[in-house]
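K.L.:
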Amino acid sequence: MNDPPDVKAVDEISHSPPRPKSQFYSQQLPKTSGSHHPRNHSLDGADIIGASDEEDFYRYPVNHMMETGDGADACEDAQMLPNEPLPEFVGSGGGVGVFKAPIRAAMHPTRPPCIEIRPHPLRESQDGKLIKTIASTDTQLWAGQETGVRVWKYSDTFEPGSVTETAGRRLPRGDEEAAMFHESASTSQTLCLMVDEAIKMVWSGHKDGKVRSWKMDQQFTDGNAFKEGLSWQAHKTPVLSMTMSFYGDIWTGAEGGNIRIWPWEGLEKSLGLTQEERRMAAVLIERSVIDLRAQVTINGVCNMPSSDVKYLLSDNVRAKVWAAATQTFSLWNARTRELLKVFNLEGQIENRVDTPSQDQPVEDGDNVKFVFKGKKDKPHGFLQRSLNALIGAADAVRRVAKGAGTLVEDTKKIKAMMIAADGVIWTGCSNGLIIHWDGNGNRVQDFTRHATAVQSLCSHGSRIWVGYATGNIQILDLEGNLVAGWVAHNEPVIKLVVGHGHLFSLATHGGVRGWNISSPATIDSTLRQQLSERADMYTRRDKVTIMIGTWNVSQGRASETALKSWLGSSAVSDVDIVVVGLQEVEMGAGFLAMSAARETVGLEGSAVGQWWLDHIGNTLNERTVFERVGSRQLAALLIAVWVRKTVRPHVGDLDVAVVACGLGRAIGNKGGVGLRLRVHDRLICFVNCHLAAHLEAVNKRNADFDHIFRTMTFSRSSAAGMARCLYLSCSLLLYVYLFCLLYSFGFPWLLIFAAGVSSANQAVKTSNQTTPTSPEEARPDLAEADMVIFNGDLNYRLFGISYDEARDLVSQRSFDWLRQKDQLRAEMKAGKVFQGMREAILMFPPTYKFEIGKPGLGGYDSGEKKRIPAWCDRVLYRDNKEGTTTKECSLDCPVIASISQYDACMDVVESDHKPVRCKLNLDIAHVDKAVRRQEFAKILVTNEDIRSSIEELRFIPDTSVSTDTIELQNQDTFCFKITNPSHEHCVFFKIACLGLCANADPNCRPRGSFGFPRWLHVAPAAGLIQPEQEVDVSVHHEELHKLEDLTGGAAQSWWAEDGKDKELTLVVTVRGSCSTDVKTHRVTLRHRSIPPR
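Going by the working numbering, the first residue of the sequence shown is number 57, and it counts up by one from there.
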């Protein structure tokens, strides 16, 4: 029987120590002195020479070698040059499964090539510039952002304007590599956009309740912000949604279920006014408003949903308008503006009787104040207070348990809505469910193609694109069958639009990408190959130096001298990023229980932790040299990162994560706390760990690492769960107070109850996480990072050696033999832990355990337990290299690291551990997005295969319309046919109204979005025609007038004038299943007015 790997590793270790190397390790050359001092090696001897000098560290000559398994300790005998990379030990088991470095390449191998309209901007650069939504015209891409709107011209997509100074100024941070764009003057935050090709306007809804218009065809000049056109106060709460109906009216939705209609007649008059008359124009529009809530409220009873109107959709096939909240719909007749139906996500009709509530947003802007009065509490004794605290704690736990059930319902919310080219309504839900509805609001079918939340939907021809919270985009056919999919962004895809032969996707970070409308297709492989061959042209390389510091502070606080010795200005003079991990910042059962309770409601940190952050920041000259980017504390564990101000523009997107490994995997005395940063567009993760203690707990330490590596999930550093926090905080504070009080009386079992509450909360969170749908998605967050750095008190000890033997070997500096007794090295060699990770060869004394306050190597534990010295405090990393292979830094291997310093501050005496620091030198390769975009354009122009493929997308099957003239009289109906003679291609048609008068009046203009006059009904106005099929279109003249159509007895517009013949032009637009061009057929419609007899 073969021995296990760890047994073999032990057998290979020599049982007799090698010849002492005291001569080699007996000297130290401080930077501040030109002379050397002899070192006393007695463990009971004098203090370390120059202990007050902040640069007095152990430094050893090293050479560039790699230790992989059988040991390469001969490196200690070689003389090494300063600043040369230190030799490293590489753990076994890397390169497979979750321990395999992510695949990187110049072009993503499984994703269609895309146009980076706006490359992923760092989150910290988006203050006031974060893009919330996008919309596409025929020639432009518009974006709504926090301070207005911006526009890209498709003709300028590939221009290098983003990397040059424009009009004497540089583009703002986050847009350095974006395509050339123009920004509006500052406005309130833009929440929704709507394109009106008929009058060449883009309409925007804003947080201040206003609707603004922007001319598409205005002259945009570099460096000058363009201004809005017509605007008016639509609501006193934010405008959440907008749409333009079949008849050209603008519908807006706001909070509290408020929907307002702005008739085209009022818009038309206002648009005809001059710039000086715009104030009057806003008044005209505001007076023409139709408030649907007021219209359907009778005797204080309203059948409309009172939830925020987040989505408005115009069904131009059937002349209806859909309004959607989070879980309910209302369906309206676009012509009569009557409420047709209110129903929920299950398709069940809801008979609502809503009355205005005090907490509901009201359009009149009245402020409602709430005053709660109750009886004055009488003072109670200790038992009564304790009983009340117990009741509060029980109520908190009950609510959390109840929340575990209600959260399931909350995940089924409407997140996206659109109408497909065949007239079917699609909605996407937060649980991944996609629902089909017919035009009458009846639920047809539902299905799930991805396990995470649907965030966006888009339709073009026979294709449906779905954007998900994972950053994935899927292509479905009209029946909902999956066609293809890919990972488009690393954050949720919140908006999808089609324009200029591309699908444009917007992610929550504000990045915008354009995908060929035919992707995935053969054109993709050609583009991918061509762009990969030009990688050298757009590859950029940068060097970054990172200092990692780890220290188990044993609940103490460091002196200024100790911090300067560890992280002083001389130590970080050439460092760009400083990451500090602390363990045992604060301990004690009461503190750990409180931390567990706070974590359940999304709170973290402590006063002691803040003390450490402030004092380390002062040591690093935080205000002038470095900037603290972020931190995260889990009970006794704390990690923080500082970035040099000169490097800060290239570092950001901070995410945090915690994994508890203490009692019940819920208490944070043991575990891991992590930070993730984007550095030059590469992901680097830092994890500070405190693993299980004691010599014999090797397997437990291995299991802790595996648990941390596989379950650590990063999220934004924000007060997540604050609503839940407000809901439970009072009860939990009482509970913690009771726990601390009773614990002081000797009830340590309550700690188990605290762990149980935290564990139950973790179970709730876990139950609401979606299950990955592919092996790629199943990879942990740490596995997907370009570089992972673990540091902390890993607690691995020396085995097979006595206390006295260890002290003697330390005094002789025989670290080569001691390293062979290191548990961590043996476990890594066997591939049981830190698989494939690297560590510099240990060339400093063991950092544990020392007597606090006792200087020198004589400070090792000499008490009753006499703990064997050990290298508990370590720093390990994994970059993009695989195994021991040496690669050059490239887009295929974008992050390559080496260690130039790995030592301990043996002069620091404030803890039973010594602080350790490790300096990593990184070579980072990344893409210059602007240059690659230009190369993309050159390939599109010069490659014949690609040009041919693009030309094929212009194909449109021949179609015919049975007539080119229609004549109607009062309430007449006329039918004509649209025929698709193709044997294999389907076509999609849409009918619009140009609105030309018979006398060619130049003042006549089409209604909004080529809408129809209210006296004309066309059905169906859009749809799908299968091969060798035809569709019948009915054109009907409605009753000319109702009372509400008249103002002072006269018709509101020229569309409804009596006694005159009217003439207009219908345009039948036809496109193929995935074509970028359209064909049009014109039909002239004449209405002859015959007065009644």
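Ideal Cβ placement from N, Cα and C applies to all residues, glycine included.
Within its chain, find whatever has a CB closer than 7 angstroms to the CB of S1129; leave out the 5 residues flanking it on each side and keep chain order.
P.N.:
In the sequence shown, counting from the first residue as 1, residue 1129 sits at position 1073. Around S1129: G517, S518, H1041, C1042.
K.L.:
Measuring CB to CB, does P950 end up less than 9 angstroms from N572?
P.N.:
Looking up residue 950 in the sequence shown gives position 894. Looking up residue 572 in the sequence shown gives position 516. Contact: no.
K.L.:
Considering just the uninterrupted stretch of the beta strand (DSSP E) at S260, what are its terminal residues?
P.N.:
Taking the sequence shown and counting its residues from 1, one reaches residue 260 at position 204. First-last of the beta strand (DSSP E) with S260: 257–262.
K.L.:
For E239, count neighbouring C-beta atoms within 10 Å of its own C-beta (all shown protein chains included) and say buried if the count is 16 or more, exposed if not.
P.N.:
Taking the first residue of the sequence shown as 1, we reach residue 239 at position 183. With 16 or more other Cβ atoms within 10 Å, it is buried.
K.L.:
Pop quiz: G1067 and F1045 are said to be a contact at Cβ under 8 angstroms. What is the actual Cβ separation, rounded to whole angstroms?
P.N.:
Position 1011 of the sequence shown, counting from 1, holds the residue named residue 1067. Position 989 of the sequence shown, counting from 1, holds the residue named residue 1045. Rounded, the Cβ-Cβ distance is 17 angstroms, inconsistent with contact.
K.L.:
Between T382 and the rest of its own chain, which residues show a CB-CB distance below 8 angstroms, the 5 nearest in sequence each way excluded?
P.N.:
Numbered from 1 along the sequence shown, position 326 holds the residue referred to as residue 382. Cβ neighbours of T382 beyond the five flanking positions: S363, D364, K366, K469, I470.
K.L.:
Helix, strand or coil for K1033? Go by DSSP, reduced to three states.
P.N.:
Mapped onto the sequence shown, residue 1033 falls at position 977. DSSP places K1033 in strand when its eight states are reduced to three.
K.L.:
So what does N847 bridge to, in DSSP terms?
P.N.:
For the purposes of this step, residue 847 is taken as residue 791 along the sequence shown, with counting starting at 1. Paired residues: N744, V931.
K.L.:
Rounded to a whole number of angstroms, what is the C-alpha to C-alpha distance between M474 and Y303?
P.N.:
By 1-based counting over the sequence shown, the position of residue 474 is 418. By 1-based counting over the sequence shown, the position of residue 303 is 247. Near 19 angstroms, if we compare the C-alpha coordinates of Y303 and M474.
K.L.:
How about A713 and V729: are their beta carbons less than 9 angstroms apart?
P.N.:
Locating residue 713 in the sequence shown gives position 657, counting from the first residue. Locating residue 729 in the sequence shown gives position 673, counting from the first residue. Going by C-beta atoms, A713 is nearer than 9 angstroms to V729.
K.L.:
Is the region 916–929 close to the region 848–867, with three or more CB pairs under 8 angstroms?
P.N.:
yes
K.L.:
Report the three-state DSSP secondary structure of W668 (helix, strand or coil).
P.N.:
As a first step, residue 668 is located in the sequence shown; it is residue number 612 there, counting from the start. Looking at W668 - three-state DSSP - the assignment turns out to be helix.
K.L.:
Give me the DSSP bridge partner(s) of N487.
P.N.:
Along the sequence shown, read from residue 1 onward, the residue named residue 487 stands at position 431. According to DSSP, N487 bridges with nothing at all.
K.L.:
Mind checking who K599 pairs with in its DSSP beta bridge?
P.N.:
Indexing the sequence shown from 1 puts residue 599 at position 543. In the DSSP output, where bridge partners are listed per residue, K599 has D979.
K.L.:
Can you tell which of R1063, V1017, L538 has the C-alpha that lies nearest to the C-alpha of T1136?
P.N.:
Position 1080 of the sequence shown, counted from the start, is the residue given in the question as residue 1136. Of R1063, V1017, L538, the residue nearest in Cα terms is V1017.
K.L.:
Sort P902, L850, A839, I845 by Cα distance to S870 and report the nearest one.
P.N.:
Working through the sequence shown from its first residue, we reach residue 870 at position 814. It is P902.
K.L.:
Return the first residue and the last residue of the beta strand (DSSP E) that H1093 is part of.
P.N.:
Against the sequence shown, residue 1093 aligns to sequence position 1037. Note, H1093: beta strand (DSSP E), 1085–1093.
K.L.:
Exposed or buried, G488, counting other C-beta atoms within 10 Å across all chains shown (16 or more means buried)?
P.N.:
The residue you call residue 488 lines up with position 432 of the sequence shown. Buried.
K.L.:
Decide if C1049 is buried, meaning its Cβ has at least 16 other Cβ atoms within 10 Å, or exposed.
P.N.:
What you label residue 1049 is simply residue 993 of the sequence shown in a count that begins at 1. It counts as buried.
K.L.:
What three-state label does DSSP hand M593 in the structure shown?
P.N.:
Position 537 of the sequence shown holds residue 593. DSSP places M593 in helix when its eight states are reduced to three.
K.L.:
Looking at the structure shown, is W542 part of a helix, part of a strand, or coil, going by DSSP?
P.N.:
Taking the sequence shown and counting its residues from 1, the one referred to as residue 542 is at position 486. In this structure, W542 counts as strand in the three-state DSSP scheme.
K.L.:
Using only alpha-carbon positions, find the residue among N1026, K994, E394, L850 that is nearest to L932.
P.N.:
The sequence position of residue 932 within the sequence shown is 876, counting from 1. Out of N1026, K994, E394, L850, L850 has the C-alpha closest to the C-alpha of L932.
K.L.:
Assuming contact is defined by CB atoms lying nearer than 9 angstroms, are R505 and I490 in contact in what I supplied?
P.N.:
As a working note, residue 505 is residue 449 in the sequence shown. As a working note, residue 490 is residue 434 in the sequence shown. Yes, the Cβ-Cβ distance between R505 and I490 is below 9 angstroms.
K.L.:
According to the neighbour-count rule (16 or more other Cβ atoms, all chains shown, within 10 Å of its Cβ), is F765 buried or exposed?
P.N.:
Indexing the sequence shown from 1 puts residue 765 at position 709. It counts as buried.
K.L.:
When you compare the CB of S1005 with every CB in chain D, is at least one pair closer than 9 angstroms?
P.N.:
As a matter of chain content, chain D is missing from the structure shown, which is built from one protein chain.
K.L.:
If you scan the region 347–388 from start to end, which runs of the alpha helix (DSSP H) of 4 or more residues do you find wholly inside it?
P.N.:
348–352
K.L.:
At 3 residues or longer, and completely inside the region 969–1014: list those beta strand (DSSP E) runs for me, N to C.
P.N.:
972–983
K.L.:
Between which residues of its own chain and S771 is the CB-CB distance below 8 angstroms, once the five residues before and five after are set aside?
P.N.:
Position 715 of the sequence shown, counted from the start, is the residue given in the question as residue 771. These residues qualify, in order along the chain: D711, V712, A713.
K.L.:
Should V539 go down as buried or exposed, given a rule of 16 or more other Cβ atoms within 10 Å for buried?
P.N.:
The sequence position of residue 539 within the sequence shown is 483, counting from 1. By the 10 Å Cβ count, V539 comes out exposed.
K.L.:
To the nearest angstrom, how far is the alpha carbon of W198 from that of W307?
P.N.:
Residue mapping note: residue 198 aligns to position 142 of the sequence shown, counting from 1. Residue mapping note: residue 307 aligns to position 251 of the sequence shown, counting from 1. Using only the alpha carbons, I get a separation of about 20 angstroms.
K.L.:
When you compare each of V480, L676, P548, A886 to T508 by their alpha carbons, which one comes out closest?
P.N.:
In the sequence shown, residue 508 corresponds to position 452, counting from 1. T508 has its Cα closest to that of P548, out of V480, L676, P548, A886.
K.L.:
What are the boundary residues of the alpha helix (DSSP H) that Q1163 is part of?
P.N.:
The structure shown does not extend to residue 1163, since the chain is modelled only from 57 to 1149, so the question has no answer here.
K.L.:
Whose C-beta lies closer than 6 angstroms to the C-beta of R268 among residues of the same chain, with five residues either side of it excluded?
P.N.:
Taking the sequence shown and counting its residues from 1, one reaches residue 268 at position 212. So the list reads S260, E284, S287, once near-sequence residues are dropped.
K.L.:
Return helix, strand or coil for K756, following the three-state DSSP convention.
P.N.:
If you number the sequence shown from 1, residue 756 lands on position 700. Three-state result, K756: helix.
K.L.:
In three-state DSSP terms, what is A834?
P.N.:
Indexing the sequence shown from 1 puts residue 834 at position 778. Residue state for A834 is assigned as helix, using DSSP reduced to three classes.
K.L.:
Measuring straight from C-alpha to C-alpha, what distance separates R335 and G204?
P.N.:
Here the question's residue 335 lines up with position 279 in the sequence shown. Here the question's residue 204 lines up with position 148 in the sequence shown. If I take the Cα positions, the gap works out to 20 angstroms.
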